[in-house]
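Chains as they are written, first to last, in the working numbering: chain A, 21 to 399; chain B, 21 to 399; chain C, 21 to 399; chain D, 21 to 399.
Every residue, glycine too, gets a C-beta built ideally from N, C-alpha and C.
4 protein chains.
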Amino acid sequence: MATGIWLAGGRGSVAVTSIVGATAIRAGLADTTGCVTELPQLRSPAFPAIGELVFGGHDPASIPLCKKAEALAVAGVIPARLVAALTEELATVEPEIRPVPAAATQLETAALIAEDISAFRYRHSLERVVVVNVSSTEPAPAAHPAHADADALRQALGEPGAVLPASSLYAYAAFISGCSYIDFTPSTGARLPALDALAHRHAVPYAGHDGKTGETLVKSVLAPMFAMRNLRVRTWSGTNLLGGGDGANLADPGANAAKATSKQRVLGETLGYEPQGNTRIEYVDDIGDFKTAWDLITFSGFLGTSMRMEFTWHGCDSALAAPLVLDLARLTAAAHKSGRSGPLTDLAFFFKDPLGSVPHSLAEQWALLASFVRGLADA
Amino acid sequence: MATGIWLAGGRGSVAVTSIVGATAIRAGLADTTGCVTELPQLRSPAFPAIGELVFGGHDPASIPLCKKAEALAVAGVIPARLVAALTEELATVEPEIRPVPAAATQLETAALIAEDISAFRYRHSLERVVVVNVSSTEPAPAAHPAHADADALRQALGEPGAVLPASSLYAYAAFISGCSYIDFTPSTGARLPALDALAHRHAVPYAGHDGKTGETLVKSVLAPMFAMRNLRVRTWSGTNLLGGGDGANLADPGANAAKATSKQRVLGETLGYEPQGNTRIEYVDDIGDFKTAWDLITFSGFLGTSMRMEFTWHGCDSALAAPLVLDLARLTAAAHKSGRSGPLTDLAFFFKDPLGSVPHSLAEQWALLASFVRGLADA
Amino acid sequence: MATGIWLAGGRGSVAVTSIVGATAIRAGLADTTGCVTELPQLRSPAFPAIGELVFGGHDPASIPLCKKAEALAVAGVIPARLVAALTEELATVEPEIRPVPAAATQLETAALIAEDISAFRYRHSLERVVVVNVSSTEPAPAAHPAHADADALRQALGEPGAVLPASSLYAYAAFISGCSYIDFTPSTGARLPALDALAHRHAVPYAGHDGKTGETLVKSVLAPMFAMRNLRVRTWSGTNLLGGGDGANLADPGANAAKATSKQRVLGETLGYEPQGNTRIEYVDDIGDFKTAWDLITFSGFLGTSMRMEFTWHGCDSALAAPLVLDLARLTAAAHKSGRSGPLTDLAFFFKDPLGSVPHSLAEQWALLASFVRGLADA
Amino acid sequence: MATGIWLAGGRGSVAVTSIVGATAIRAGLADTTGCVTELPQLRSPAFPAIGELVFGGHDPASIPLCKKAEALAVAGVIPARLVAALTEELATVEPEIRPVPAAATQLETAALIAEDISAFRYRHSLERVVVVNVSSTEPAPAAHPAHADADALRQALGEPGAVLPASSLYAYAAFISGCSYIDFTPSTGARLPALDALAHRHAVPYAGHDGKTGETLVKSVLAPMFAMRNLRVRTWSGTNLLGGGDGANLADPGANAAKATSKQRVLGETLGYEPQGNTRIEYVDDIGDFKTAWDLITFSGFLGTSMRMEFTWHGCDSALAAPLVLDLARLTAAAHKSGRSGPLTDLAFFFKDPLGSVPHSLAEQWALLASFVRGLADA
């Protein structure tokens, strides 16, 4: 029996790159570069095969998958030859990415979402479905007393008005459907006590937050380097220039703040102190999917000598994110199968702002991940 | 009883920065930033205190330590106020840095070196002495049959002509004096079967090669990052601009080749393949001690998407090296005391071109080091 | 007879670097690197000699010049040996940098300023005095009807309340004293119709705005390069990290906006269109006087091919500004002597936001300047 | 009557990009971005229209133009849609790019080259033909006494053996055919007294050397910036990483030396002194046509303060060169028509290593060019 991935934001760049990629790998047209779960050190029979993943999802946009894939090819994110070769396969997925349901109350909306997921599951005889949020970053939501308690939450959702942001409503719908949930964005997702309780009640695992694809990935190896050498980082200042849909969205101060906080967390937690400097995000339409990040790091060494390092990262966010979406879905499905529930803190390797009190050094996160995978295989 | 450090190249930038630093720490005028053995995770009662280290050495140059320290202050390597405050202390070390002995055969020269070290040891009632090579990088020496066997080596040294390069003759002299030996340079040092056998015969440990202070340090965390993310590094091309004495020396093609090989080794061993590109070293007098390295890395990710990263490292080599010299002396002295002999492969963390078949990822090297330090404390 | 420079902000970094520099040149302790008016192509007998310049000024701060100079030496802006050698000379200037006068109305304050300048002039038998604003950048002032007319302005100044920002009040005081005026900052200065009229009425010249010392200087040669090659600049995005007093001040959104606008003006005027991207200024205390600017430029060439350029500028603002202050004072004094009055648009070479409708390409500005200097010599 | 361009190296990247580009412009499928002669300030009725240029040439390779164009599209140099749209037009040019003739003596080879050019000219009723060398860079040739005199040269060419390198033999063939000649490479081309004499004898103009497309272009505006500001450049060190055919060729030490010398010339001539540092060229196959250059510049300013600038240039050499080939052909054809002969030193704007004693500052070169174009229009 196969495993399903239900993508909130199923027509966005990350989702479509994931779909094209998994389909290309199944067809033998692409290798698995970028997929962490395909490394010899991590490969495991506990994972569903990439070629057996089945895709569905919701998206408010109606652009056909093929058109979106062609646009991604023009932007240099995926090769045009793959899009041409996979037209039929994409047409098969096309009807599975449905409009976002809407109802009078959030409780009814959640029920409609759950219904779509269940129908998808039965349509494809799926063993289980992993719900993955790859939609646009939300501003931080207003606090609500019902966020603290699962039963109070159910009651509040039944009344008109928005109690949960969309990312959290998806987590809610996933949990009541018995599905695991992954938040690849900095949005709230499952990070509310009421939702955590619900995940445990339904015995499903969840993972997040905010896929670590570029500048923060580099920070998560450089900051430990300075720490291991007892060098004092004085300034760490970052500029991120990005275009594309997510860029425009992050130019919104609310979303920007959520992201920028998430991006600096690694420094304080790895170094043990906060260096000077901020992380800035600027939307530049012309940059498109190829984000450019520039970081300046000043540090002092022996006897106070001042030194500096700069780096420029020029990465394609969707191409970096998509294989991690496949990895996370495989890992979370296997964890679900093996009986894990609640937050999967051992998946910190994949996230800028990981769940739980975990190390932020990439090497330590790798060790956690490897041990987690061994645990799955033994189960 | 105190521990001695005998510096081959005792009037060079690294040596004098080490001496000024240890003296400043003893006097309470500087903190231990840059000293790895002072990190909470590694601190150990097995180490001699930095303040109790006693310095001596050899150098063909005759520049007074004070003058050299003043020049380093003008170059921005050490603060002028420290040099001013430590005039008396430096004057005390001054006579301990002696001219390099020379005799008719290398055997006699080694005996004179050993005599100087022994006299230093008894003069200061030192428990043990660590010999550290911080002199200029040598070209690769001609092979000699006597390099393979300790007894053949002893005999060959007794004849006129150069059998060993200077760095190896220091290792020889150290071992026959019962002293441990560290090679902080890419020179041959103790890396000859005859010298390894001698170290075991005299039950002394040795460590090396080539202190990892800048560009290679960064490589040792970035290369594993690409590997852990299953990203394919296609090009890794580095340019190193440096001035100062070592810069001029490395402009010599022979020395340059030794260094450049040492600097690329981390890539093949961490990635499992050799990306395109080389490491270049250019001598630019005006750059002085503040080396600038620029690296371009191109890599491909999911579905072959091309991406790139650049970094510039602007570090003061002597200020980065000096605390590691103190660290290595403390670690090697403690290892000697605890009965270790032969190559200390667990100290790979400190070297570009470490001894033995060891990991090149900084995080794995750190784990080796931490376990080594715990072993010393338990001993 | 000598020429005086009256510095509004006389104890700031730029002012003190200018004073130390001119004094060191007079004493034969420094050469004139950085002084444009000392280039063979521009040197002219029309200029007062650097060694004959006499300094005075106002500053709300009371830090002694010597202390400020020592702090600049520690920060690496000026050599410590110069400060040590010029203690006596700085002590002579010390009493000439006076507290900022304050009175019940701005008219009275202007009179006190004018009085201080006149006393300075007579005390040193100065042929003429150039007033230079090197004080902190002001936020954009509120519009006031009296800004449009010199007589209305005089009347409004006589009433309580602030009609003019400080930079403009200095221009007012300069003009009524028969002195020329230079604004080295992005503040309003003489850029009001009433003040322009006043300059003409008193037959004095003025110059400004905002000394072009770093990132904008580079833009003023790179933007014409793209234009001359018919390459289409798509994005020009700049990040400026700076510490020091001016950095803290520019972190204020009002001042920041003035500066950022001034810094982008060169692009639109040189390219003929506005590329995407902004200029950001971030205050990072640790960076100090050595500003780091990073710019990303993306452009398209033949058949639409996308290309990119990045640059990092790591310059000491005070060291770049100080010789230009001397240049501007010499040029403006010579212009005054030769009978020029009103805006000196031919000095655009020195400014980010030059007066008048002038070219922004550095090479064209150089041609204007050279012709201006020839005109002075002929006069 | 139309103008012909005869390309030595007609199937190389620069040649094919030029052909595709001119064809696309004629078909209205591309604009003239990158063409300097299309700027409003330079446009002139004296130039042949881009759409009326007719292409022919020689190349030892036999790859069809269409295949080469497709490869350039895959490499991102030209858009795939243009190649698809221009298949027919490229097929028309296909037979005009012929194999390189070879005969027993260079004199006979030159006659065969001249014959091909003449046949091309009559076949298309061309008013005139410009011969452009865009073939691979040659090593510096051995000196030969016949290089000094046109008659001696003719005689020497009649004997077996190579008297002239290929680039110079093309200049010879061009001149005896009454055609102008442009060397876009650092090869010798027309730079021999015998060839200069021949050009004058046949009353034809010639231009060169080495198209200024990237790093040197940037140098030619930055070096004057430092000079105009009286800042002392201490180090200028450049690294060029490039792949593609020319990259492999430049890895040859002989060709590399020619190129590197050509690239540093701008510094000495613009600054008036030689800063420290070299220009390095490294062949990295993976980089392809998109060259990456990194330059470090250190400079001192007022009172000796040390500062630095770095830039990275990531440009597509063929896309930068191709429009300049069209520009040069139009300018040289117009010059020929107006009666100019000998070296066209006013075209220095286009070259790294221009003919004659001319300014190396881009702005001054622009002024020369603009005045040259005005002269053509007046003629």
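Nearest candidate by alpha-carbon position, reference residue i, set the options
i	options	result
R328/D	I317/C, T299/C and T312/C	T312/C
R285/B	L388/B, P84/B, S240/B and S326/B	S240/B
I45/C	R143/C, A81/C, L106/C and A353/C	L106/C
T407/C	T23/C, C55/C, A22/C and M21/C	With chain C covering 21 to 399 only, the question about residue 407/C has no answer from this structure.
A35/B	E179/B, E116/B, A194/B and S361/B	E116/B
A123/D	V393/D, G288/D and P180/D	P180/D
S33/B	P121/B, R249/B and V154/B	V154/B
P244/B	A387/A, G288/A, I202/A and L364/A	A387/A
G297/D	F319/D, I307/D and A42/D	F319/D
K372/B	G41/B, T57/B, G395/B and S207/B	S207/B
Y16/B	E294/B, G76/B and E58/B	For residue 16/B there is no data in the structure shown, the boundaries of chain B being 21 and 399.
G325/C	V94/D, T325/D, S200/D and L287/D	A small correction: the amino acid at residue 325/C is Thr; Gly does not occupy that position in the sequence shown. Considering only alpha carbons, the answer is V94/D.
L344/D	T57/D, A47/D and M21/D	T57/D
I307/A	P363/A, L261/A and L59/A	L261/A
S197/A	V393/A, I133/A, G362/A and S187/A	I133/A
L396/A	S64/A, R118/A, S187/A and T299/A	S64/A
Buried/exposed call for residue i, threshold 16 Cβ in 10 Å
i	result
S145/A	exposed
D398/B	exposed
A50/A	buried
M248/C	buried
E294/B	exposed
G258/D	buried
Y60/A	The residue you asked about is not Tyr; residue 60/A is Pro in the sequence shown. Exposed.
Q385/D	buried
E135/D	exposed
Whole-number beta carbon distance between residue j and residue i, since they are thought to touch under 8 Å
i	j	result
T236/A	G321/B	That pair is no contact at about 16 Å.
T233/C	L340/C	4 Å
E147/A	T23/A	6 Å
V103/D	V150/D	With 8 Å as the limit, V103/D and V150/D do not qualify as a contact, their Cβ atoms being about 25 Å apart.
I83/B	R31/B	6 Å
Proximity test, residue i beta-carbon vs the ligand COA heavy atom, cut-off 6 Å
i	result
N298/A	Only the bare structure without any ligand can be found here, which leaves the ligand COA out of the picture.
What are the uninterrupted segments assigned as alpha helix (DSSP H) that are 4 or more residues long and contained completely in the segment 112-148 of chain D, given in chain order? 126-143
Taking 8 Å as the threshold, find out whether the segment 63-80 of chain B comes into contact with the segment 65-76 of chain C through three or more Cβ pairs. no
Do the segment 249-259 of chain B and the segment 225-232 of chain B touch if we need at least three Cβ pairs shorter than 8 Å? no
List, from N- to C-terminal side, the alpha helix (DSSP H) runs of 4 residues or more that fit wholly inside the segment 160-239 of chain C. 170-177, 186-196 and 213-221
How do the segment 121-139 of chain D and the segment 327-343 of chain D stand: do at least 3 beta-carbon pairs fall below 8 Å, yes or no? no
Quick one: which unbroken alpha helix (DSSP H) runs of 4-plus residues sit fully inside the segment 52-119 of chain C? Chain order, please. 85-94, 100-105 and 107-113
For the segment 77-93 of chain A against the segment 374-388 of chain A, do three or more pairs of beta-carbon atoms, one drawn from each stretch, fall closer than 8 Å, so that the two count as touching? no
Is there contact here, the segment 203-216 of chain A with the segment 159-167 of chain A, by at least three beta-carbon pairs under 8 Å? yes
Length-filtered (3 minimum) beta strand (DSSP E) runs lying within the segment 263-347 of chain C: 299-303, 310-320 and 326-336
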